[in-house]
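Heads up: the structure comes next, in C-alpha cells.
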Amino acid sequence: MGFIEEAPMPKWNVSFINDRGEPVVEQFDCEHEPTLEEAAQMVRVRVSPVLEKLDLNDLADRVPDPTVKSLHDHNGIKDLKVEPAA
Numbered sequence: 001m002g003f004i005e006e007a008p009m010p011k012w013n014v015s016f017i018n019d020r021g022e023p024v025v026e027q028f029d030c031e032h033e034p035t036l037e038e039a040a041q042m043v044r045v046r047v048s049p050v051l052e053k054l055d056l057n058d059l060a061d062r063v064p065d066p067t068v069k070s071l072h073d074h075n076g077i078k079d080l081k082v083e084p085a086a
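Its first residue numbered 1, the sequence shown is counted upward by one per residue in the UniProt record's numbering.
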C-alpha cells in the first residue's frame, strides 16, 4: 500500500519587540498567512499561557485587533509582524 505524502504546513515567523525592548521571533505552523490578530493570539499563548483563554469581550467590536491591543497594553509587546519562514 502506498501512502500519500501530505505537503508540510507552511511556517510563519512572527516578530515583535518584547517588554524589555528586545526583538523576538517566534515560528508557527499555519495553513494560511495569519492575520495580525491571529498572530497575536498565538504569541499570547507562548508569552503567557495563563492568558490563553482571556476573555476580550470588553474590547470586541470596539477596537480592531483586540488581542494585539491587549498584548501591547498588558505585556508591552509591540511592532508585531508576520512573514513567511525561510
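Beta carbons are placed, not taken as given, at the ideal position from N, Cα and C, and that holds for glycine.
What you are looking at is a predicted structure, and each value in this text was computed from that prediction instead of being measured.
Per DSSP, the beta bridge partners of residue 27 are 13. In this structure residue 12 is in contact with residue 82, their Cβ atoms being roughly 6 Å apart against a cut-off of 8 Å. Among the bridge pairs identified by DSSP, residue 69 is matched with none. Residue pairing by DSSP places residue 83 opposite 13 in a beta bridge. 9 is the residue among 9, 72 and 65 whose C-alpha sits nearest the C-alpha of residue 32. For residue 7, no alpha helix (DSSP H) run applies, since DSSP gives it neither H nor E. The beta carbon of residue 40 is closer than 7 Å to those of 65, 67, 68, 71 and 80 in its chain, skipping five residues each way along the sequence.
Around the CB of residue 43, 16 or more other CB atoms lie within 10 Å, so the residue is classed as buried.
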